[in-house]
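Peer 1:
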Amino acid sequence: RQYGIARDNEELELGVRCMAAGIYDDQSRLVAGLSISAPADRLDEHWLPKLQATANEISAALGYKFK
Numbered sequence: 001r002q003y004g005i006a007r008d009n010e011e012l013e014l015g016v017r018c019m020a021a022g023i024y025d026d027q028s029r030l031v032a033g034l035s036i037s038a039p040a041d042r043l044d045e046h047w048l049p050k051l052q053a054t055a056n057e058i059s060a061a062l063g064y065k066f067k
């Protein structure tokens with residue numbers, strides 16, 4: 001939460017990892033999430049910056065002002 005990313009490292013399903021980032025609106029409310037899921041051996045940390053950047057782009061399009 002501190003970094004705006006949620007992770008599931010095979011906690012719900014063996015062999016599957018998930019990552020998610022929040023999407024915010026113009027009132028700074030969390031209104032959605034963007035997530036990716038993949039086989040555990042294919043989803044590693046290098047996806048985090050891409051996921052966060054995409055969530056940030058969507059938030060900006062909704063009027064969110066970054067601090």
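For the sequence shown, position 49 matches number 49 in the numbering used here, and the numbering has no gaps at all.
All C-beta atoms, glycine included, are put in the ideal place defined by N, C-alpha and C.
1) Looking at the secondary structure, which residues open and close the beta strand (DSSP E) in which residue 35 lies?
2) Considering Cα atoms alone, identify which of 58, 39, 66 is closest to residue 12.
3) Use the C-beta contact count for residue 17: other C-beta atoms within 10 angstroms, 16 or more gives buried, fewer gives exposed.
4) Checking the sheet assignment: what are the DSSP bridge partners for residue 7?
5) Assuming residue 21 contacts residue 61 under a Cβ cut-off of 8 Å, what Cβ separation, rounded to an integer in Å, is found between them?
Peer 2: Straight from the coordinates:
1) Residue numbering aside, residue 35 sits at position 35 when the sequence shown is read from its first letter. 30 to 39 is the span of the beta strand (DSSP E), which, as asked, contains residue 35.
2) Numbered from 1 along the sequence shown, position 12 holds the residue referred to as residue 12. That would be 39, whose Cα lies nearest to the Cα of residue 12.
3) For the purposes of this step, residue 17 is taken as residue 17 along the sequence shown, with counting starting at 1. Residue 17 is buried by the Cβ-count criterion.
4) In the sequence shown, the residue the question calls residue 7 occupies position 7. According to DSSP, residue 7 bridges with 19.
5) Sequence index remark: in the sequence shown, residue 21 carries index 21 (1-based). Sequence index remark: in the sequence shown, residue 61 carries index 61 (1-based). Rounded, the Cβ-Cβ distance is 14 Å, inconsistent with contact.
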